[in-house]
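The structure appears below as structure tokens.
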Amino acid sequence: MLEQLPFKRNYVLHLWIGIYIVDWIIMAITPTNRLQWLAENVLIVITIAFLAFTYRSARLSSLSYLLILIFMCLHTYAAHFTYEGTPFDHWLKSHYHTRRSYYDRLVHLAFGLCWSLPFREWLMSKVHIRGVWTYLMPVVVVLSFSGLFEILEMLAALAGGKGGEARFIGLQGDVLDTQKDMSIGLIGSILAMGILAYIRKRKAS
Numbered sequence: 004m005l006e007q008l009p010f011k012r013n014y015v016l017h018l019w020i021g022i023y024i025v026d027w028i029i030m031a032i033t034p035t036n037r038l039q040w041l042a043e044n045v046l047i048v049i050t051i052a053f054l055a056f057t058y059r060s061a062r063l064s065s066l067s068y069l070l071i072l073i074f075m076c077l078h079t080y081a082a083h084f085t086y087e088g089t090p091f092d093h094w095l096k097s098h099y100h101t102r103r104s105y106y107d108r109l110v111h112l113a114f115g116l117c118w119s120l121p122f123r124e125w126l127m128s129k130v131h132i133r134g135v136w137t138y139l140m141p142v143v144v145v146l147s148f149s150g151l152f153e154i155l156e157m158l159a160a161l162a163g164g165k166g167g168e169a170r171f172i173g174l175q176g177d178v179l180d181t182q183k184d185m186s187i188g189l190i191g192s193i194l195a196m197g198i199l200a201y202i203r204k205r206k207a208s
């Protein structure tokens, strides 16, 4: 059973929101590329608006909101530095001589890991899925959104033009980058649902 607290009494959610507001304000100060920062924040605004408008009708668990917070903090960090220029990637390149930036791959994995449970709870609440579908459908939704994000990135890059398409999309010389990103998100979702199924099975036995 999901928490049925009204928003004004959901103090745990208030804490998550407060943490994210502080994080967002810090990351909004002098980002590396202000235009790209604005573009990356469009999805954040849409996500927050959706969660706010559906709070009463499709309330999620505190764990789901925490997972969403983790993902959004990871994305906000990248929006500040750009996905190809995070300190994490500079550290990898200096210590392990990597050629590409891997932070974007980490965020794609986090998308699958962090969003599968919220998607599952939302689907159970609104679509009333049951049984094995409560584990399969979140994986399908994660893969669908991963593909949608890649399409939106492509359209935004093409609209920007001036030869920056590959840089904005983050191909980094890899023609299969899009497919790999989607696959990593899929793996993250499968892991999340697999872990949840295992935990629930152990509790039931």
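Numbering-wise (my numbering), the sequence shown opens with residue 4 and increments by one. Quick reminder that beta carbons are idealized off the backbone N, C-alpha and C, glycines included.
Just to confirm, are residue i and residue j a CB contact at a threshold of 9 Å?
i    : j    : result
L72  : F91  : no
T137 : R123 : yes
D26  : C76  : yes
A82  : P9   : no
L46  : H78  : yes
Y105 : L95  : yes
L126 : P141 : yes
Between the alpha carbons of residue i and residue j, how many angstroms are there, rounded?
i    : j    : result
Y117 : G188 : The sequence as given places Cys at residue 117; Tyr does not occur at that position. Going from the Cα of C117 to the Cα of G188 covers about 10 Å.
L146 : P121 : 14 Å
R203 : F114 : 22 Å
A31  : S208 : 48 Å
L139 : L199 : 12 Å
R133 : Y23  : 33 Å
S192 : V143 : 9 Å
R12  : F56  : 17 Å
A162 : A52  : 25 Å
Q39  : Y201 : 40 Å
G262 : K183 : No answer is possible for residue 262: the residues shown for the chain start at 4 and end at 208.
E153 : R205 : 37 Å
S97  : E87  : 14 Å
V48  : H93  : 28 Å
So residue i packs on residue j, CB below 8 Å; how close in whole Å?
i   : j   : result
T85 : N44 : Not a contact, Cβ separation roughly 13 Å.
Between the Cα of residue i and those of the options, spot the shortest distance and give me the residue it belongs to.
i    : options                : result
W1   : L139, L126, G88, S65   : Within the shown structure, residues of the chain are numbered from 4 to 208, placing residue 1 beyond reach of any answer.
H131 : A61, L179, K11, Y105   : A61
Q7   : S192, A42, A52, Y58    : Y58
L63  : V135, G21, K183, L16   : L16
T50  : Q39, Y68, W40          : Y68
L158 : A52, V143, A42, Q182   : A42
M196 : I154, K183, Q182, V135 : V135
Within a Cβ cutoff of 8 Å, which residues of the same chain sit near residue i, ignoring the five residues on either side of it in sequence?
i    : result
L70  : L116, C117, W118, L120, P121
M4   : Reliability fails at M4, whose pLDDT of 46 lies under 50, so the model's placement of it is uncertain and no value is given.
T89  : Y80, A81, S104, Y106
I190 : L112, G115
L194 : G115, L116
Going along the chain, which residues of its own chain have a beta-carbon closer than 6 Å to the beta-carbon of residue i, five neighbours each way excluded?
i    : result
S149 : M185, G188
In chain order, what residues of the same chain have a beta carbon less than 7 Å from the beta carbon of residue i, not counting five sequence neighbours either side?
i    : result
F74  : A113, F114, C117, W118
K129 : A61
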